[in-house]
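The sequence shown lines up with residues 68 to 391 when you count with the working numbering.
Just so it is clear, CB atoms sit at the ideal spot from N, CA and C, and this is done for glycine as well.
Worksheet: one structure, shown below.
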Amino acid sequence: MSSSTESATSLRGRDFLSVADLSVAEVGRLYDRAAELKAEYRTERRHAGPPLAGRTIAMLFQRPSLRTRVTFEAGMNQLGGHAIYLTEDVVMGARESVRDVARNLERFVDAVVARTGPHAVVTELAAQAAIPVINALTLREHPCQALADIFTLRERYGALDGLVLAFVGDGNNVYHSLSLLGGALGMEVRLAHPAGYAPNASIVERARQLAAAGGGRLEFFEDPVSAVRGATVVYTDAWTSMGQEAEAEERRDAFAGYRVDATLLDAAGPEAVVMHCLPAHRGEEITSDVMDGPRSIIWDQSENRLHVQKALLVELLTGADAAS
68 MSSSTESATS
78 LRGRDFLSVA
88 DLSVAEVGRL
98 YDRAAELKAE
108 YRTERRHAGP
118 PLAGRTIAML
128 FQRPSLRTRV
138 TFEAGMNQLG
148 GHAIYLTEDV
158 VMGARESVRD
168 VARNLERFVD
178 AVVARTGPHA
188 VVTELAAQAA
198 IPVINALTLR
208 EHPCQALADI
218 FTLRERYGAL
228 DGLVLAFVGD
238 GNNVYHSLSL
248 LGGALGMEVR
258 LAHPAGYAPN
268 ASIVERARQL
278 AAAGGGRLEF
288 FEDPVSAVRG
298 ATVVYTDAWT
308 SMGQEAEAEE
318 RRDAFAGYRV
328 DATLLDAAGP
338 EAVVMHCLPA
348 HRGEEITSDV
358 MDGPRSIIWD
368 QSENRLHVQK
378 ALLVELLTGA
388 DAAS
């Protein structure tokens, strides 16, 4: 991700595997497009000139999904296109190689949205397919989630410079993407995690580089109260993600002191808000009174998955001028 002084280039035909694939200017262009699409859809519940009429995407999902599937599928429909959902139909690496799947799909559809475990799957899809590949979640990153989350903060606060996001819990794929994007956009991104649950060191190093260029900052804590003090937003995620079910009991013990409840939110300050990427395990990483309370913007960030991903699809498939 390059500096904000660089002008945005067209995203048409590009892959989106990491938030670091976009320059600061390109993120701004994408957010302008998302704001336009959201305003039109909120008013009309439709788009007067669907920009993706006749376009098709394939959704290769090897992990279960509510928000990611519905927002991509409904979004594509609202844009005038069509989405084909593929799960057990395609067993990459077993029934058919990733390379062969990519080379077939590039002849059938306009883009591939992949939700899988190993990040290597999306990188190979992107390397082999001559059409855009979008990372809809891997164990390494969740870039679409981070794009929508930071867009939500831009909507609420305007300028992002100096905002403090305190992530409480596991140094996981969601944290990875938030640290890469938030730091590049001038935010201070904190993480409070128990020993043994630190983020990927190479991603942290990349996030530090982006933060240094963008005026942001990364901070790490063991104590969640110290981490949230003075934060703009307190963010949490499930303690046990998909594929980690065998570790569930061990993780519940390790993260017991990292629950986002009213006491922890109050420690952040009276103006702090709370975010969660969902699905939530109420009573574990977050309490229901916080999740459903007046300081929660969880449902706003969930809705914005739709609008930001629609903008991403428009930019990758048409490269249309965001000012049009």
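Three-way DSSP call (helix, strand, coil) for residue i in this model
i: F218; result: helix
i: N401; result: As shown, the chain starts at 68 and ends at 391. That puts residue 401 outside it, with no answer to give.
i: I365; result: helix
i: A87; result: helix
i: D82; result: coil
i: L383; result: helix
i: R349; result: strand
i: A233; result: strand
i: A378; result: helix
i: E208; result: coil
i: G225; result: coil
i: S355; result: helix
i: R162; result: coil
i: L119; result: coil
i: A75; result: coil
i: G250; result: helix
Delimiting residues of the beta strand (DSSP E) encompassing residue i
i: Y264; result: From DSSP, Y264 is part of no beta strand (DSSP E); its letter is neither H nor E.
i: T303; result: 300-303
i: R182; result: 178-182
i: L172; result: Not the beta strand (DSSP E): L172 falls in the alpha helix (DSSP H), residues 165-175.
i: M126; result: 123-128
i: A150; result: 149-153
Distance CB(residue i)-CB(residue j) smaller than 8 Å
i: I201; j: L89; result: no
i: A335; j: G283; result: no
i: G148; j: R122; result: yes
i: D237; j: A259; result: no
i: F218; j: Y98; result: yes
i: N239; j: S164; result: no
i: S85; j: E208; result: yes
i: A178; j: L383; result: yes
i: L331; j: V295; result: yes
i: Y302; j: L232; result: yes
i: V357; j: A329; result: yes
i: A321; j: G263; result: yes
i: G360; j: L78; result: no
i: A315; j: E352; result: no
i: A75; j: E103; result: no
Endpoints, alpha helix (DSSP H) assigned at residue i
i: V94; result: 91-111
i: T138; result: 134-145
i: H186; result: 186-195
i: M342; result: Where M342 is concerned, there is no enclosing alpha helix (DSSP H), although the beta strand (DSSP E) it sits in stretches over 340-343.
i: V200; result: No alpha helix (DSSP H) contains V200, which is instead part of the beta strand (DSSP E) from 200-202.
i: V157; result: That residue, V157, is in no alpha helix (DSSP H); it is neither H nor E in DSSP.
i: M254; result: No alpha helix (DSSP H) holds M254; DSSP gives it neither H nor E.
Spatially closest choice to residue i from the options, by CA coordinates
i: N267; options: A279, A280, S246, E255; result: S246
i: H243; options: C211, T219, E222; result: C211
i: V180; options: L277, F234, L192; result: L192
i: A169; options: M126, T135, I270; result: M126
i: R134; options: R113, G386, D367; result: D367
i: G297; options: P199, R113, A339, D359; result: A339
i: G281; options: M254, E272, P261; result: M254
i: D333; options: N371, E317, S363; result: S363
i: P185; options: F83, P118, R130, D156; result: R130
Worksheet entry | Runs of beta strand (DSSP E) lying entirely within the region 267-333, each at least 3 residues, in chain order | 284-288, 300-303
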